[in-house]
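2 protein chains.
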Amino acid sequence: MTVRQQERQGPGDTPPEELDRLMAAAAQAARVLVGARPADRAGWLEHLATRLDAAAEELVPLAARETHLGVDRLRGELKRTTFQLRLFAEILRDGSFLQATIDHADPAWPMGPRPDLRRMLRPIGPVAAYAASNFPFAFSVAGGDTASALAAGCPMLLKANPSHPELSAATGVHVSGALGEAGAPDGIFAVVMGFETGIALVTDARIRAASFTGSLRGGRALFDLAVSRPEPIPFYGELGSVNPAFVTPDAGVQRADEVATGFVDSMSLGNGQFCTKPGLLFVPTDSGLEERVAALAGERPAAPMLSEHISSGYFEALERLVDRPGVRVIAGGVNPEGDPAPTILATTVSDLLADPEALTQECFGPAALVVSYRSADELLAAAGVFEGQLTATIHSTGREHVTSALLDVLTERVGRVVWNGWPTGVSVTYAQHHGGPYPATTSVQTTSVGTAAIDRFLRPVTYQDAPDDVLPPALQEANPWRLPRRVDGVLQSV
Amino acid sequence: MTVRQQERQGPGDTPPEELDRLMAAAAQAARVLVGARPADRAGWLEHLATRLDAAAEELVPLAARETHLGVDRLRGELKRTTFQLRLFAEILRDGSFLQATIDHADPAWPMGPRPDLRRMLRPIGPVAAYAASNFPFAFSVAGGDTASALAAGCPMLLKANPSHPELSAATGVHVSGALGEAGAPDGIFAVVMGFETGIALVTDARIRAASFTGSLRGGRALFDLAVSRPEPIPFYGELGSVNPAFVTPDAGVQRADEVATGFVDSMSLGNGQFCTKPGLLFVPTDSGLEERVAALAGERPAAPMLSEHISSGYFEALERLVDRPGVRVIAGGVNPEGDPAPTILATTVSDLLADPEALTQECFGPAALVVSYRSADELLAAAGVFEGQLTATIHSTGREHVTSALLDVLTERVGRVVWNGWPTGVSVTYAQHHGGPYPATTSVQTTSVGTAAIDRFLRPVTYQDAPDDVLPPALQEANPWRLPRRVDGVLQSV
Numbered sequence: 040m041t042v043r044q045q046e047r048q049g050p051g052d053t054p055p056e057e058l059d060r061l062m063a064a065a066a067q068a069a070r071v072l073v074g075a076r077p078a079d080r081a082g083w084l085e086h087l088a089t090r091l092d093a094a095a096e097e098l099v100p101l102a103a104r105e106t107h108l109g110v111d112r113l114r115g116e117l118k119r120t121t122f123q124l125r126l127f128a129e130i131l132r133d134g135s136f137l138q139a140t141i142d143h144a145d146p147a148w149p150m151g152p153r154p155d156l157r158r159m160l161r162p163i164g165p166v167a168a169y170a171a172s173n174f175p176f177a178f179s180v181a182g183g184d185t186a187s188a189l190a191a192g193c194p195m196l197l198k199a200n201p202s203h204p205e206l207s208a209a210t211g212v213h214v215s216g217a218l219g220e221a222g223a224p225d226g227i228f229a230v231v232m233g234f235e236t237g238i239a240l241v242t243d244a245r246i247r248a249a250s251f252t253g254s255l256r257g258g259r260a261l262f263d264l265a266v267s268r269p270e271p272i273p274f275y276g277e278l279g280s281v282n283p284a285f286v287t288p289d290a291g292v293q294r295a296d297e298v299a300t301g302f303v304d305s306m307s308l309g310n311g312q313f314c315t316k317p318g319l320l321f322v323p324t325d326s327g328l329e330e331r332v333a334a335l336a337g338e339r340p341a342a343p344m345l346s347e348h349i350s351s352g353y354f355e356a357l358e359r360l361v362d363r364p365g366v367r368v369i370a371g372g373v374n375p376e377g378d379p380a381p382t383i384l385a386t387t388v389s390d391l392l393a394d395p396e397a398l399t400q401e402c403f404g405p406a407a408l409v410v411s412y413r414s415a416d417e418l419l420a421a422a423g424v425f426e427g428q429l430t431a432t433i434h435s436t437g438r439e440h441v442t443s444a445l446l447d448v449l450t451e452r453v454g455r456v457v458w459n460g461w462p463t464g465v466s467v468t469y470a471q472h473h474g475g476p477y478p479a480t481t482s483v484q485t486t487s488v489g490t491a492a493i494d495r496f497l498r499p500v501t502y503q504d505a506p507d508d509v510l511p512p513a514l515q516e517a518n519p520w521r522l523p524r525r526v527d528g529v530l531q532s533v
Numbered sequence: 040m041t042v043r044q045q046e047r048q049g050p051g052d053t054p055p056e057e058l059d060r061l062m063a064a065a066a067q068a069a070r071v072l073v074g075a076r077p078a079d080r081a082g083w084l085e086h087l088a089t090r091l092d093a094a095a096e097e098l099v100p101l102a103a104r105e106t107h108l109g110v111d112r113l114r115g116e117l118k119r120t121t122f123q124l125r126l127f128a129e130i131l132r133d134g135s136f137l138q139a140t141i142d143h144a145d146p147a148w149p150m151g152p153r154p155d156l157r158r159m160l161r162p163i164g165p166v167a168a169y170a171a172s173n174f175p176f177a178f179s180v181a182g183g184d185t186a187s188a189l190a191a192g193c194p195m196l197l198k199a200n201p202s203h204p205e206l207s208a209a210t211g212v213h214v215s216g217a218l219g220e221a222g223a224p225d226g227i228f229a230v231v232m233g234f235e236t237g238i239a240l241v242t243d244a245r246i247r248a249a250s251f252t253g254s255l256r257g258g259r260a261l262f263d264l265a266v267s268r269p270e271p272i273p274f275y276g277e278l279g280s281v282n283p284a285f286v287t288p289d290a291g292v293q294r295a296d297e298v299a300t301g302f303v304d305s306m307s308l309g310n311g312q313f314c315t316k317p318g319l320l321f322v323p324t325d326s327g328l329e330e331r332v333a334a335l336a337g338e339r340p341a342a343p344m345l346s347e348h349i350s351s352g353y354f355e356a357l358e359r360l361v362d363r364p365g366v367r368v369i370a371g372g373v374n375p376e377g378d379p380a381p382t383i384l385a386t387t388v389s390d391l392l393a394d395p396e397a398l399t400q401e402c403f404g405p406a407a408l409v410v411s412y413r414s415a416d417e418l419l420a421a422a423g424v425f426e427g428q429l430t431a432t433i434h435s436t437g438r439e440h441v442t443s444a445l446l447d448v449l450t451e452r453v454g455r456v457v458w459n460g461w462p463t464g465v466s467v468t469y470a471q472h473h474g475g476p477y478p479a480t481t482s483v484q485t486t487s488v489g490t491a492a493i494d495r496f497l498r499p500v501t502y503q504d505a506p507d508d509v510l511p512p513a514l515q516e517a518n519p520w521r522l523p524r525r526v527d528g529v530l531q532s533v
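Those sequence lines, one after another, are chains G and A. Counting in my numbering, the first sequence runs from 40 upward without gaps. Counting in my numbering, the second sequence runs from 40 upward without gaps.
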């Protein structure tokens with residue numbers, strides 16, 4: 040251990056020798072998991088969901104104590120978490136995720152005789168995941184990364200978030216316990232802790248992919264390590280987003296109530312500690328929306344943040360925003376001595392366009408910027424300044440010319456477009472996409488929420504002219520697992 | 040322009056101001072292409088295929104002069120190239136590639152009311168591709184990267200390979216011409232040239248993805264540039280592979296003729312200048328295969344390589360191999376003054392295991408190493424030394440215990456397993472996978488050959504609660520394009 044490692048290793052950190060043992064066990068488990076039936080893995084996930092549901096009375100109070108999030112919210116989040124495990128179990132039983140594809144030998148194939156080729160996805164290998172602070176269940180120890188990696192057949196080393204260590208350890212006991220009870224191989228899952236542990240994970244040759252939810256700075260640093268390895272690995276980082284929302288002129292008149300109430304609800308939900316918090320709201324000047332939003336936000340109470348660290352980061356970011364020319368505080372404010380109250384800043388598109396980088400920075404907490412525009416051209420110019428985003432929102436009556444141009448500009452730079460609604464409350468479904476161009480994520484083609492999240496942890500392999508008895512069941516001629524497959528170019532359902 | 044740029048810029052290189060103009064045009068074309076119907080793009084590809092077929096008498100002799108490859112091989116490669124364009128047209132008409140997924144709003148969704156969510160893939164944006172030297176048609180100007188990027192709806196700036204500049208320019212005229220004739224937008228395609236041009240491409244913010252086929256050194260350098268950008272982009276590099284082949288004890292007896300003949304045919308095909316050339320053959324000691332392979336290879340004539348540069352690189356790599364302890368030359372040899380003749384080296388597994396890194400290096404050209412093993416344990420130990428490979432080959436009677444263990448070890452580190460055949464001659468099909476773990480590629484989850492190659496140039500976007508009339512046709516309720524879609528979790532064919 041270097042001096043630097045000793046300095047940065049805190050109490051409770053996973054010792055290097057223990058981490059090495061866990062990585063060796065994960066590598067061993069990966070070889071066993073390649074042969075595990077998807078239906079068996081489905082059973083493991085369902086058993087885990089059942090056990091976590093049964094542990095709510097233990098886990099929710101622990102989470103509330105460590106995160107200051109409300110018990111109702113945390114119960115809902117645990118429900119989301121176990122639902123997610125069950126939905127991946129369904130995906131495993133359906134089997135489409137394997138993308139089994141069979142091309143029979145064809146002597147008449149136009150480019151020349153075709154051999155028998157059979158392709159499917161297989162697990163990528165041991166995965167490291169870095170848990171988020173703000174979803175102590177759904178993006179943490181038993182969260183979406185764990186659910187999708189286990190579903191894919193990958194062992195997982197889960198780096199706990201330092202803001203809820205006790206909950207992480209307790210949840211880890213249930214995950215490992217449930218997997219063991221259900222018959223999963225040893226080494227399939229472990230919770231690890233510590234800053235240096237996180238670095239050791241992403242740089243270890245046995246780790247084949249990594250996923251991360253957190254800050255731009257931390258995520259980019261880990262991404263840089265992942266891609267600088269002798270053997271680079273995929274790094275799925277979700278780094279931040281300001282999720283701009285745009286109110287068209289008609290909607291500013293006809294949907295003013297829904298917009299003002301919905302926006303304040305969404306930006307203050309979870310005390311603004313969501314990656315999908317709408318951080319900017321573009322409103323027609325003189326629509327009165329600025330004042331309505333300020334009035335509604337001013338009624339909301341202050342609340343404690345997830346941690347001291349996050350609270351001080353929030354106030355620093357807020358102060359930087361407040362100090363910019365043309366920015367006014369119209370509700371709440373900078374109050375680093377106490378808990379933050381919902382805070383609304385206001386500016387104009389011309390001030391935003393004069394300083395777009397500073398005014399579109401994420402401020403993780405209950406603050407948002409209302410930006411007034413004077414014309415459709417200003418609205419479109421403002422939409423064009425954003426870097427990659429997880430989401431953008433349009434409030435529109437749908438009858439305005441500007442809407443379609445706005446949609447084009449936004450779709451180019453976001454992963455999800457929300458219509459007359461709000462981006463918080465990311466549903467776990469088949470069609471969900473929680474991702475987006477950099478810096479929203481480091482991996483523009485993948486999602487960390489929804490069933491497509493499993494794709495991150497799979498890679499293809501093709502067998503050429505292999506006899507049926509050496510092929511994996513998914514590719515055997517008789518289709519013993521009754522999978523949907525593409526055969527000679529044609530999708531065949533079962 | 041810096042002094043270094045001036046030094047490295049050769050005659051015919053694309054001037055920086057011209058490159059800038061082409062990139063701006065590509066960015067503009069990308070916005071038009073997002074709205075182009077897949078069926079229209081299919082028509083463009085088919086028209087391009089027709090025009091290239093009609094230009095065979097112009098292009099094939101040009102290719103033969105610049106590459107020293109035979110006219111028959113080049114005709115076959117052009118046929119493969121135009122077939123590939125037509126196959127992508129089929130994929131576009133089928134529409135599955137869009138992965139259209141619709142979840143209707145569901146108030147009873149177990150984790151809480153679900154909004155209407157609709158996801159599809161859309162073009163990633165302008166793509167840079169770096170053409171290969173060894174396939175002047177199929178991995179060059181109108182090759183697989185161009186076909187799959189255009190199919191995806193992405194504009195393409197194609198960096199020509201310096202070993203066939205005239206063919207590249209001539210092919211580029213046909214590609215641009217055909218696309219224009221067929222109605223594709225301006226700016227959709229251009230051929231660019233020069234070393235510095237290649238660097239400018241991958242570092243330009245307007246380029247959203249890059250693909251490359253070539254050397255480990257060049258590919259890793261470009262990969263490093265791609266991932267170090269302020270906004271990192273996906274980089275699909277195919278960097279090299281030695282494609283080991285393993286002959287089990289039974290097969291060494293029962294398939295000796297096929298193995299010896301097939302191996303020499305495959306390793307000397309195209310003068311050994313294939314990324315899928317089998318570079319190592321593991322044979323049972325005393326099977327006589329070493330001698331048979333040497334005898335057959337010794338009868339093959341010498342032939343010129345693609346370029347002086349490749350020829351000198353080949354002889355340097357070969358010399359390094361020959362100099363290793365325990366390596367014997369049993370056919371051909373190092374003859375840097377003339378054209379290379381098929382060359383067979385021989386060693387044993389114990390010598391290989393003593394120096395695995397040196398003895399498993401790619402030697403791009405008509406050389407291969409026959410490695411004798413004495414036991415199943417030695418065979419498995421040897422299989423375990425390889426880094427990521429495009430392919431591995433097993434020759435087996437299928438009745439041997441070692442086969443299944445061998446398959447497990449190999450599947451862990453390769454993209455395609457070939458059974459009782461040879462890895463050269465990569466068919467373009469639905470189930471093909473031409474990829475593999477690093478250093479075979481920089482992107483373990485993607486393929487550069489086969490219909491799945493289109494996935495590299497697409498990214499998802501989800502629409503939440505968007506009214507039908509602002510949705511892209513692929514996601515509209517009435518399914519006007521008659522696409523296969525997943526609706527509320529269930530795959531629906533049409």
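Note that CB positions come from ideal geometry on N, CA and C, so glycine has one too. Model, not experiment: these values are computed from the prediction.
1) What would DSSP say about residue 41/A, mapped onto helix, strand or coil?
2) For residue 362/A and residue 374/A, what's the separation of their Cα atoms in angstroms?
3) Can you pull the DSSP bridge partners for residue 540/G?
4) Secondary structure at residue 434/A, three-state DSSP: helix, strand or coil?
5) Could you tell me the alpha carbon to alpha carbon distance between residue 285/G and residue 521/G, rounded to whole angstroms?
6) Under 8 angstroms, do residue 283/A and residue 428/A count as touching if we go by C-beta distance?
7) Let me know if residue 533/A comes out buried or exposed under the rule of 16 or more other beta-carbons within 10 Å of its beta-carbon.
8) So residue 361/G is in the alpha helix (DSSP H); what residue range does that whole segment cover?
9) Should residue 45/G be flagged as near chain A, meaning a C-beta pair shorter than 8 angstroms?
10) So, is the C-beta of residue 303/G closer than 8 angstroms to a C-beta in chain C?
11) Taking the alpha-carbon positions, what's the residue 531/G to residue 489/G distance?
12) Relative to the C-alpha of residue 291/A, which residue among 327/A, 268/A, 307/A is closest?
13) Can you check the stretch 215 to 285 of chain G for any alpha helix (DSSP H) of at least 4 residues that lies completely inside it and give the ranges in chain order?
14) Give the residues of chain A in contact with residue 154/G, contact being defined as C-beta atoms less than 7 angstroms apart.
15) For the alpha helix (DSSP H) containing residue 411/A, name the first residue and the last one.
16) Can you tell me which of 414/G, 150/G, 252/G, 114/G puts its alpha carbon nearest to the alpha carbon of residue 440/G?
17) Excluding five sequence neighbours on each side, which residues of the same chain lie with their C-beta closer than 6 angstroms to the C-beta of residue 57/G?
18) Please report how far the alpha carbon of residue 518/A lies from the alpha carbon of residue 140/A, in whole angstroms.
19) Alpha carbon to alpha carbon, what distance is there between residue 443/G and residue 504/A?
20) The beta strand (DSSP E) that contains residue 195/G, what's its start and end?
21) Beta-carbon of residue 530/A versus every beta-carbon of chain G: anything under 8 angstroms?
22) Can you tell me whether residue 302/G is helix, strand or coil according to DSSP?
23) Taking 8 angstroms as the threshold (beta carbon to beta carbon), is residue 481/G in contact with chain A?
24) At 3 residues or longer, what runs of the beta strand (DSSP E) sit wholly inside the stretch 439 to 493 of chain G?
25) So, is the C-beta of residue 470/A closer than 8 angstroms to a C-beta in chain G?
26) Check the Cβ of residue 428/G against every Cβ in chain A and list those closer than 9 angstroms, keeping chain order.
27) If I measure Cβ to Cβ from residue 199/A and keep anything under 8 angstroms in the same chain, skipping five residues before and after, which residues do I get?
28) Does chain G have any CB closer than 8 angstroms to the CB of residue 505/A?
29) Measure from the C-beta of residue 516/A to each C-beta in chain G and report whether the shortest distance is under 8 angstroms.
30) If distances are taken between C-alpha atoms only, which option among 377/G, 366/G, 395/G, 244/G comes closest to residue 353/G?
If we stick to the structure as given:
1) With a pLDDT of 42 at residue 41/A, under the threshold of 50, the modelled position of that residue is not reliable, and no figure is offered here.
2) 14 angstroms
3) Nothing about residue 540/G can be reported from this structure: the residues present for chain G run from 40 to 533 only.
4) strand
5) 47 angstroms
6) yes
7) exposed
8) 347 to 361
9) For residue 45/G, the pLDDT reaches just 43, beneath the cut-off of 50, and the residue's location in the model is therefore unreliable, although a value from the coordinates is still provided. So, not an interface residue.
10) In the structure shown, chain C cannot be found, because the protein chains are G and A.
11) 24 angstroms
12) 327/A
13) 234 to 242, 255 to 267
14) 460, 466
15) That residue, residue 411/A, is in no alpha helix (DSSP H); its beta strand (DSSP E) goes 406 to 412.
16) 414/G
17) none
18) 11 angstroms
19) 15 angstroms
20) 195 to 198
21) yes
22) helix
23) yes
24) 453 to 458
25) yes
26) Result: empty, since nearest Cβ-Cβ is about 11 angstroms, beyond 9 angstroms.
27) 170, 179, 180, 207, 208, 211, 230, 231, 232
28) yes
29) no
30) 377/G
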